[in-house]
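Participant: One structure, pasted below without further comment.
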Amino acid sequence: MDGIAAILSEGETVLYRSRKHWVVFVKAVVLWFLAMAVFSQREYPLQYLHFSVPAEFQKFLALFIEWSVQAVLAALALVFACMSLTRIFSYFTTMLAITPKRLIVYDRLSGALSSYDIGRIESVEARPGFFGPIFGYGAIAVTTGSGRKTVVADLSRPHQFEKELFAAK
Numbered sequence: 082m083d084g085i086a087a088i089l090s091e092g093e094t095v096l097y098r099s100r101k102h103w104v105v106f107v108k109a110v111v112l113w114f115l116a117m118a119v120f121s122q123r124e125y126p127l128q129y130l131h132f133s134v135p136a137e138f139q140k141f142l143a144l145f146i147e148w149s150v151q152a153v154l155a156a157l158a159l160v161f162a163c164m165s166l167t168r169i170f171s172y173f174t175t176m177l178a179i180t181p182k183r184l185i186v187y188d189r190l191s192g193a194l195s196s197y198d199i200g201r202i203e204s205v206e207a208r209p210g211f212f213g214p215i216f217g218y219g220a221i222a223v224t225t226g227s228g229r230k231t232v233v234a235d236l237s238r239p240h241q242f243e244k245e246l247f248a249a250k
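Okay, structure coming up:
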């Protein structure tokens with residue numbers, strides 16, 4: 082938590098810390114397998130692209146279609162792989178802290194730092210989702226009096242975070 086400790090003011094202590102839940106690894110593995118499935122099935126979509134063209138275009142058009150389909154599938158696989166890596170990195174880089182004065186949300190991956198005055202927080206909503214109560218994770222939506230809203234997904238024990246935040250108020 083040295084990232085949060087570096088931005089604390091003098092005399093400010095952390096009352097509660099939280100970070101992402103391990104379920105982000107499961108989601109990352111699912112995305113990675115999806116990327117590999119898309120990348121390994123490059124010939125499969127070509128089986129369904131049967132149509133007749135004039136003889137002078139047949140040689141070039143078939144090659145163009147094959148390259149286009151493979152390029153689209155490779156790009157799609159790359160997108161899924163990047164989404165997977167982003168989820169893995171977010172586990173190690175996203176940190177939340179509650180101090181007596183403020184709520185701090187710090188993400189080293191994107192460089193985003195949000196600091197909310199505890200007195201100006203209007204509402205905190207814990208959204209556990211479908212599997213959240215079973216595995217102990219969910220999303221937190223923090224809304225301030227000015228209407229600014231921040232959502233942190235896949236947070237470990239969101240209801241506990243909500244309790245600690247209201248206890249700090």
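For the sequence shown, the numbering used here begins at 82 and goes up steadily by one.
Ideal Cβ placement from N, Cα and C applies to all residues, glycine included.
On a predicted model such as this, the values are computed, not experimentally measured, just so you know.
Do you know offhand how far residue 162's Cα is from residue 188's?
Facilitator: Taking the straight line from one Cα to the other gives about 20 Å.
Participant: Provide the residue(s) that pair with residue 179 in DSSP beta bridges, ordered along the chain.
Facilitator: Paired residues: 97, 184.
Participant: With which residues is residue 206 paired in a DSSP beta bridge?
Facilitator: Its beta-bridge partners are 222.
Participant: Going by CA-CA distance only, name the one from 90, 157, 236 that's closest to residue 223.
Facilitator: For the residues 90, 157, 236, the minimum Cα distance to residue 223 belongs to 236.
Participant: Which two residues bound the contiguous alpha helix (DSSP H) that contains residue 121?
Facilitator: Taken as a continuous stretch (DSSP letters only), the alpha helix (DSSP H) holding residue 121 covers 104-121.
Participant: Output the distance between the C-alpha atoms of residue 205 and residue 221, rounded to the nearest integer angstrom.
Facilitator: So the alpha carbons of these two residues sit roughly 7 Å apart.
Participant: Beta-carbon separation of residue 202 and residue 183 under 7 Å?
Facilitator: Not a contact, by the Cβ cut-off of 7 Å.
Participant: Per DSSP, which one or two residues make a beta bridge with residue 231?
Facilitator: In DSSP, residue 231 forms a bridge with 223.
Participant: Check whether the region 110-121 touches the region 211-221, counting contact only when three or more Cβ pairs, one atom from each stretch, lie closer than 8 Å.
Facilitator: Because the criterion of three Cβ pairs below 8 Å is not met, the region 110-121 and the region 211-221 do not touch.
Participant: Distance check for residue 216 and residue 119, CA to CA, integer angstroms please.
Facilitator: Cα to Cα, residue 119 sits roughly 29 Å from residue 216.
Participant: Could you please give the first and the last residue of the uninterrupted alpha helix (DSSP H) stretch that includes residue 190?
Facilitator: Segment: none, residue 190 is in no alpha helix (DSSP H) and carries neither H nor E.
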